[in-house]
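Quick notes on the structure that follows.
There are 2 protein chains.
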Amino acid sequence: MSDDDALPRPGDPLSSVSTPRPVIDEDRLTANIARVQTYMDRVGLAFRPHIKTHKIPAVARAQVAAGATGINCQKISEAEVFADAGFDDILITFNILGAAKLDQLAALHGRIGGLKVVADSAVTVDGLAARFEAGRPLPVLVECDTGAGRCGVQTPEAAVALAARIHAAPGLNFAGLLTYPKPGGARDTEAFLAATLARLEGNGIACPIRSNAGTPSLFDAHLVPSATEHRAGTYAYNDRAMVQAGHCGADDCAMHILATVVSRPTPDRAVIDAGSKAITSDLLGLEGYGAVEGYPGAVIRSLSEEHGTLDLSACEGPRPAIGEQLRIVPNHTCVVSNLFDHMVFHRNGVVTRVEAVAARGRVW
Amino acid sequence: MSDDDALPRPGDPLSSVSTPRPVIDEDRLTANIARVQTYMDRVGLAFRPHIKTHKIPAVARAQVAAGATGINCQKISEAEVFADAGFDDILITFNILGAAKLDQLAALHGRIGGLKVVADSAVTVDGLAARFEAGRPLPVLVECDTGAGRCGVQTPEAAVALAARIHAAPGLNFAGLLTYPKPGGARDTEAFLAATLARLEGNGIACPIRSNAGTPSLFDAHLVPSATEHRAGTYAYNDRAMVQAGHCGADDCAMHILATVVSRPTPDRAVIDAGSKAITSDLLGLEGYGAVEGYPGAVIRSLSEEHGTLDLSACEGPRPAIGEQLRIVPNHTCVVSNLFDHMVFHRNGVVTRVEAVAARGRVW
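These protein sequence lines map, in sequence, to chains A and B.
Per my numbering, residue 1147 is the first one in the first sequence, and the count goes up by one each step.
Per my numbering, residue 1147 is the first one in the second sequence, and the count goes up by one each step.
Spelled out as structure tokens, the structure:
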């Protein structure tokens, strides 16, 4: 029996789905895409959805159809899938290093016109500069750490120095600045970008793109006037962490994980057939590994690989029974997408389509 | 470019592997399998490896060749893959519920002779009893909660009652007792099993299999004399949690995740190309998301989906450079296996083979 044999068909009710299985509410997905694109249009920002959340070309096509200017991938292997699916404007927000990956990048640059990458060090820039040529230069943005503490140059001065290094490389075009800021960090991000832009202008270096990002503070994007575009992924599906962050309400979460109660060993304990291989261990500061619809007092207290253990002691009223199918809003939707070969879509509980998660597992 | 194009070939050095990618040390794997089987043989326990850790038929064949009596799967979909690969003695340690899964189970029972399942409730037993027939009865073990607090009947009396229910069903054979105990719980496990066995004997119900489990306290298996077999998965690869549990040493960890340093934004920070989609967020009570070989002071402080952020502030001596390939011992090897379509094996850093992770993602 292949994965396909376990999948429902359009018209099937969700109650017939073999669990555990994540499913996507079509109407919520459409509304999430429209809401964010409408906001970006209103505040005059180009919008570039990150495909990490869904890894499905059909969903990215819906995002572009709504008005997105291109897509964002994190790894070359993801970008290859989306280039195969016909996408041309692809930004890879990763330092590409090493001969093998530079060869992959060059091959991709040879077949789509809108490939762009980032760099945050001279090592990365020099590697790119040695691989690409003036006849077909590669656009490169400088990644800036505006407070999130992950990748990125640490100061506007360092950003300008790296921009100048890109600008001076015959095979590269300096395309702009990029940040993945900390949530709520609009002020710091604007200060960093504005200071860098002023210095670049003083050096006579054009900076067409200033790319800001993130779903948690997405509706603060207009508080960074130096930005020209925004990138976000999670907004398409939303999840419990985005509800917690204030980005959306519980009714905006498009993904549910269907799971079945397989054991009720004690009055206060239920065990479901979804564990860390279906829900993942991402807590993101939340209590429990997901929210159980209809049982607000139930806490998914622990996960083993194929079991989730629910604490029902705070449940008022009825408690889930053995064999009952539950709907769980995951803490972090993007990592759930990466665990399943296919995603089931539905409208009002009736399956509409099944899409291959084409870039699942493509982490290299 | 398919997944296959990114994979190394036998004879390639690990230094050429496109990261991130988990790899398995052949010699450590072989030694881990031999060490545990030798112990089980010495203490007179049948041994049933859990395939959840590797999900690869070739590894399970090596475990059986070393002396294992059969295999353990957690989900029907895993068992289907291993039945396809020629395995006959398969124990599924899960409550199987619902018409669709009972049909799958019946189909599997029709094609292999050694299928066994567990149950911990009358609901599960009655579902099985209604689906299987006296002409070809299904062996069912009663799952007992001997202290781990997951699935399982809570008392020896409840175990006997459920055994009697199975015994009375024409389509089922009561095959024995099973537990997944808490680590260090040998005394409680023995007490539960011995009390249940005495009551079963008093009721004239034979109990051929008493199946104990777990890698963390695996070498305490002889402290449960009522057991006839032991199940374990993680021992084959081992990981940082098993070192912490005292089951093995750091040199017994067969899995490493190869990752590349892609950014050094500050003197105390390195960022690698492996995040929660390659390492997973499983902490299992440990500090950091894995151990970095050669840099004992480095702590993998946080993971985003495709980045890992290392705190180098406690590093003495040299620190990793941009472009350097690191070897990371994961906290939990079983969940890493489930993220990759292929597993690369090596001996002394030279690739020996690439195996499809045949049961990857089969969680239903």
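Backbone N, C-alpha and C fix where the C-beta goes; we use that ideal spot for every residue, glycine too.
Note that the structure is a prediction, hence the values are computed from the model and not measured.
Residue environment, residue i, which counts as buried when at least 16 other CB atoms sit within 10 Å
i                 : result
Leu1430 (chain B) : exposed
Pro1503 (chain A) : Reading off the sequence shown, one finds Val at residue 1503 (chain A), where the question assumed Pro. Val1503 (chain A) comes out buried.
Ala1511 (chain A) : This structure cannot speak to residue 1511 (chain A), because chain A is shown only from 1147 to 1510.
Gly1379 (chain B) : buried
Val1496 (chain B) : exposed
Gly1507 (chain A) : buried
Arg1155 (chain B) : exposed
Glu1452 (chain A) : buried
Pro1362 (chain B) : buried
Asn1494 (chain B) : exposed
Arg1174 (chain B) : buried
Asp1249 (chain A) : exposed
Ser1161 (chain B) : exposed
Arg1257 (chain A) : exposed
Arg1282 (chain A) : exposed
Asn1349 (chain B) : exposed
Gly1440 (chain A) : exposed
Gln1390 (chain B) : exposed
Pro1166 (chain A) : buried
Thr1412 (chain B) : exposed
Thr1184 (chain A) : exposed
Glu1226 (chain A) : buried
Arg1188 (chain A) : exposed
For residue i: DSSP bridge partner residues
i                 : result
Ala1307 (chain B) : The partner list for Ala1307 (chain B) (beta bridge, DSSP) is empty, contrary to what the question assumes.
Cys1290 (chain A) : A:Val1299 and A:Thr1325
Asn1358 (chain B) : B:His1376
Asn1178 (chain B) : None, per the DSSP bridge assignment.
Pro1159 (chain B) : B:Val1496
Asp1171 (chain B) : B:His1492
Ile1474 (chain A) : A:Ile1403 and A:Val1438
Val1429 (chain A) : Residue 1429 (chain A) is actually Leu in this sequence, not Val. Paired residue(s): none; Leu1429 (chain A) is not in a bridge.
Asp1385 (chain B) : In DSSP, Asp1385 (chain B) forms no bridge with anything.
Asp1457 (chain A) : A:Arg1415 and A:Val1445
Pro1285 (chain B) : B:Asn1319
Ala1502 (chain B) : B:His1488
Residue i CB to nearest heavy atom of the ligand GTP below 7 Å
i                 : result
Arg1257 (chain A) : Inclusion of the ligand GTP in the displayed structure is not the case, the ligand content being empty and no account of it being possible.
Terminal residues of the alpha helix (DSSP H) in which residue i lies
i                 : result
His1343 (chain A) : Correcting the residue identity first, residue 1343 (chain A) is Leu in this sequence and not His. Residues Ala1332 to Gly1348.
Thr1479 (chain B) : Thr1479 to Ser1483
Boundaries of the beta strand (DSSP E) in which residue i is found, first to last residue
i                 : result
Phe1193 (chain A) : Ala1192 to Pro1195
In the segment 1205-1274 of chain A, which residue ranges form an unbroken alpha helix (DSSP H) of at least 4 residues, counting only runs that do not cross its ends?
1222-1230 and 1245-1257
Taking 8 Å as the cut-off, does the segment 1425-1445 of chain B touch the segment 1471-1480 of chain B (at least 3 CB pairs, one atom from each stretch)?
yes
If we require 3 or more residues per run, which beta strand (DSSP E) segments fall completely within the segment 1391-1425 of chain B?
1401-1412 and 1415-1418
Can you find at least 3 beta carbon pairs, one from the segment 1269-1289 of chain B and one from the segment 1221-1233 of chain B, that sit closer than 8 Å?
no
Check whether the segment 1292-1299 of chain B touches the segment 1327-1339 of chain B, taking contact to mean three or more Cβ pairs, one atom from each stretch, closer than 8 Å.
yes
Count the C-beta pairs between the segment 1390-1399 of chain B and the segment 1456-1465 of chain B that are closer than 8 Å, then say yes if the count reaches three, no if not.
no
If you pair each beta-carbon of the segment 1254-1271 of chain A with each one of the segment 1366-1383 of chain B, do three or more pairs fall below 8 Å?
no
Could you check whether the segment 1357-1373 of chain B touches the segment 1400-1407 of chain B, counting it as contact only if at least three pairs of C-beta atoms, one from each stretch, sit closer than 8 Å?
no
Is it true that the segment 1481-1493 of chain A meets the segment 1463-1471 of chain B, where meeting means three or more beta-carbon pairs spaced less than 8 Å apart?
no
Do the segment 1316-1335 of chain A and the segment 1352-1359 of chain A touch if we need at least three Cβ pairs shorter than 8 Å?
yes
Can we say the segment 1190-1204 of chain A touches the segment 1217-1225 of chain A, given the rule of at least three CB pairs closer than 8 Å?
yes
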